[in-house]
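This report refers to the structure that appears directly beneath it.
There are 2 protein chains.
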Amino acid sequence: MNQLSNRRVVVANRPTGEPKPSDFRLETVPVPELEDGKILLRTNYLSLDPYMRLRMNDEKSYTAPVPIGGVMDGEVVAEVSRSRNPQFKEGDLVSAYTGWQEYAVSDGQGVRKINVGNLPQSAALGVLGMPGLTAYTGLLLIGQPKPGETVVVAAATGPVGSAVGQIAKIKGARAVGIAGGAEKCRALIEEFGFDAAIDHRAPDFADQLKAACPKGIDVYFENVGGDVFKAVQPLINDFARIPVCGLIAHYNASSRPQGPDMLPEFMKQVLVKRFTIRGFIVSDFADHALDFYKAMIEWLAAGKVRYREDFVDGLENAPDGLIGLLKGKNFGKVIVRVAPETAK
Amino acid sequence: MNQLSNRRVVVANRPTGEPKPSDFRLETVPVPELEDGKILLRTNYLSLDPYMRLRMNDEKSYTAPVPIGGVMDGEVVAEVSRSRNPQFKEGDLVSAYTGWQEYAVSDGQGVRKINVGNLPQSAALGVLGMPGLTAYTGLLLIGQPKPGETVVVAAATGPVGSAVGQIAKIKGARAVGIAGGAEKCRALIEEFGFDAAIDHRAPDFADQLKAACPKGIDVYFENVGGDVFKAVQPLINDFARIPVCGLIAHYNASSRPQGPDMLPEFMKQVLVKRFTIRGFIVSDFADHALDFYKAMIEWLAAGKVRYREDFVDGLENAPDGLIGLLKGKNFGKVIVRVAPETAK
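Top to bottom, those sequences are chains A and B. The opening residue of the first sequence carries number 1 in my numbering; numbering runs sequentially from there. The opening residue of the second sequence carries number 345 in my numbering; numbering runs sequentially from there.
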């Protein structure tokens, strides 16, 4: 086994603004001998997610940045390829945060056996995984939509946004989705059942959003920031709730935007409209994972929640996949097929 | 009775920036004949509060602005001087939002009989009234301080701030107060029992605040905004709570501050630190008024909460009182003695 080699993608440079392919480096290293208590994981699928851009900066976000030369972080679906740990056996299907590489050695910490039922393995990285749980917990625990209220979400064909809109509908709210381009907007209505879909590239985007929210916005699920957030602000209703789980529009920013400083005015709106803003990451709500899983399996089976996946073939194409994701080029959950021959 | 005259203060002009005495006008009008079902209230004390500045602008805040020529809004402690309403009798002591005037005719809507026990009537406008309830509900329902956590509040010798710090102490938290000048800071420690007091006028204010919060800030009770909020931001802990009940530093602003635009960076901090910001006004929590009243009476009797009042003599001096309040010249709850001869 020790002649196995591992291809992995490491951070070559800290990007300024948009990451470039040269900010990543693909390298091949030997897979180390397996010590007692360890398992060898072979990656089938790697999830690409907006937060990865933040991990490339030399600043603390939730955790320390990925060091220069370090393997890019990321969640994978993997198979236990060899086990010297009694809790795992060869062939176990697991999810783990082992990053952008074909193989990883683990002591089993944070490695979770998964069962996706009739769904493809990759669903464990999307609708049944972190993005689905993000949508479920952020919308229901913070957003708390009531029947008849208006819920707005951007990046709405993405794995979080599409789940937010569909769960909002299940709860009796009106779902307004924002996406880039006519094709995505059509899918929001026809495929995901949103009540309205707005193209954020339209020159009259803000006016269209206003027209789509005649009773204002009660829940704005914030995962993009930028111009969408600007257009949302005047529409926020009294007592609205704004869960904040991402700000993809700002992840490439290398300097503060020009003035005027809008923060004082924003705080005044917080006060006058008495709304709530709360940041969260999915791990804050890990306690709710089982509830989520049960509900989502049921909704998927009943056809109440649909999802899309957007595959990237080969680990070597993961950097381009992330660069495209940050530009909104994906349509659905972006997943890298790392070992497609073994993935089912 | 119909020869009675009523002195009142009306809005003469919409202020630009700081209000000037000429933005107000004192006028004398006859008190109208009392119709059936009505009561005549004679104002003993008028409360002056920061929110009044916002009501002078031609913009909706919580409610419509005071119209030009309209009587300035405000809460008063008054006596029922005549009654043609069976629910009130002459001599009843009440609180009501009848504004900056000596007399008001009311149908009884929103007029609340009060009982301040051994305390002076004016307490119903401060520690036992709207400011006390603001502190109690904002701190306990939104801020939710836990023992050992750090609570920071500005305008800390004011009626809201002083109650916030003292209630935080009662709940086992560490209270850090911000005020203007050495005398107020001394009172925070010696009179109100804060753990630390910082003068926001000190050139090294931000450094002093940091030193006073070695474990960061878990609850920031926002009632001022401006430079205090700037100094607070880097100290906010993960999962912190920020109740927002006022932004006095911005109330005189007539244009947006110069850039850079700090809102995107602030939202990123919301996300990364997963904190909660929630605006509120005291009427949102009216359900908690009885709990508050019981608790505060007990704390006052036990000497656990103290309060200060800063009196302005005569309705004609109310404009100067408000102008001074907006500059932080007051020390404690600002109350206008409108009819001192009858007020006890």
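C-beta: ideal position from N, C-alpha, C; glycine also. Source: prediction; values computed, not measured.
- Across the set L46/A, W100/A, K268/A, the C-alpha of W100/A shows the shortest separation from the C-alpha of V11/A.
- The segment 522-569 of chain B contains, as complete beta strand (DSSP E) runs of 3+ residues, the segments 540-543, 561-565 (chain order).
- Note on geometry: alpha-carbon atoms of Y97/A and G158/A lie some 21 Å from one another.
- Counting of Cβ neighbours within 10 angstroms places S22/A among the exposed residues, the total staying below 16.
- The residues D92, V94, in chain order, have a CB closer than 6 Å to that of K113/A in the same chain once the five nearest residues on each side in sequence are set aside.
- If you check the CB distance, V455/B and M416/B do not come in under 8 Å.
- Chain B places no beta carbon closer than 8 Å to that of E149/A, leaving this residue out of the contacts.
- Bounds of the beta strand (DSSP E) holding R241/A are 236-244.
- Minimum Cα-Cα distance from K146/A among the listed residues M130/A, K294/A, I170/A, A124/A corresponds to I170/A.
- Minimum Cα-Cα distance from G381/B among the listed residues Y406/B, S427/B, L469/B, L348/B corresponds to S427/B.
- Three or more pairs of CB atoms, one per stretch, sit closer than 8 Å, so the segment 119-138 of chain A contacts the segment 303-316 of chain A.
- For L463/B, the three-state secondary structure derived from DSSP is coil.
- Judged by DSSP in its simplified three-state form, T481/B adopts helix.
- Sorting T387/B, V508/B, Q453/B, Y395/B by C-alpha distance to the C-alpha of M640/B places V508/B at the top.
- Chain-order list of chain B residues neighbouring L141/A: empty, with the shortest C-beta distance near 12 Å, by a criterion of under 7 Å.
- Within its own chain, the residues whose Cβ lies closer than 8 Å to the Cβ of Y447/B, once the five positions on either side in sequence are excluded, are L348, N350, V375, L384, L385, R386, T387, S425, listed in chain order.
- With its beta carbon less than 8 Å from one in chain B, S61/A belongs to the interface.
- In the structure shown, the three-state DSSP call for K617/B is helix.
- Following the DSSP letters along the chain, one finds P663/B inside the alpha helix (DSSP H) bounded by residues 662-670.
- When C-beta atoms of the segment 589-597 of chain B are compared with those of the segment 239-256 of chain A, fewer than three pairs fall below 8 Å, so the two segments do not count as touching.
- Shown here for V116/A: same chain residues with a beta carbon closer than 7 Å to its own, the five before and five after excluded, namely A123, A124, L128 in chain order.
- Using a Cβ-Cβ cut-off of 8 Å, R618/B counts as an interface residue toward chain A, since at least one Cβ of chain A sits closer than that to its own.
- The criterion of a C-beta distance shorter than 8 Å is not satisfied by D562/B and R618/B.
- Membership of I335/A in the beta strand (DSSP E) is indicated by the continuous run 333-337.
- Judged by DSSP in its simplified three-state form, Y595/B adopts coil rather than helix or strand.
- With a threshold of 16 other beta carbon atoms within 10 Å, P547/B falls short and is exposed.
- By the C-beta density criterion, D664/B is exposed, having fewer than 16 other C-beta atoms within 10 angstroms.
- Annotation for L26/A: the continuous beta strand (DSSP E) segment containing it runs 24-30.
- Separation of the CB atoms of E609/B and P587/B is rounded to 22 Å, and the pair is thereby denied contact status at 8 Å.
- Within 10 angstroms of the beta-carbon of L634/B lie fewer than 16 other beta-carbons, which makes it exposed.
- Among the residues of chain B, none has a CB under 9 Å from the CB of F285/A; the nearest is roughly 10 Å distant.
- A straight line joining the alpha-carbon of G226/A with that of F285/A spans about 26 Å.
- If you look at D657/B, you'll find it in the beta strand (DSSP E) that goes 653-657.
- Of the residues A683/B, K677/B, R681/B, the one whose Cα lies closest to the Cα of P394/B is K677/B.
- If you check each beta-carbon in the segment 105-120 of chain A against every beta-carbon of chain B, none falls closer than 7 Å.
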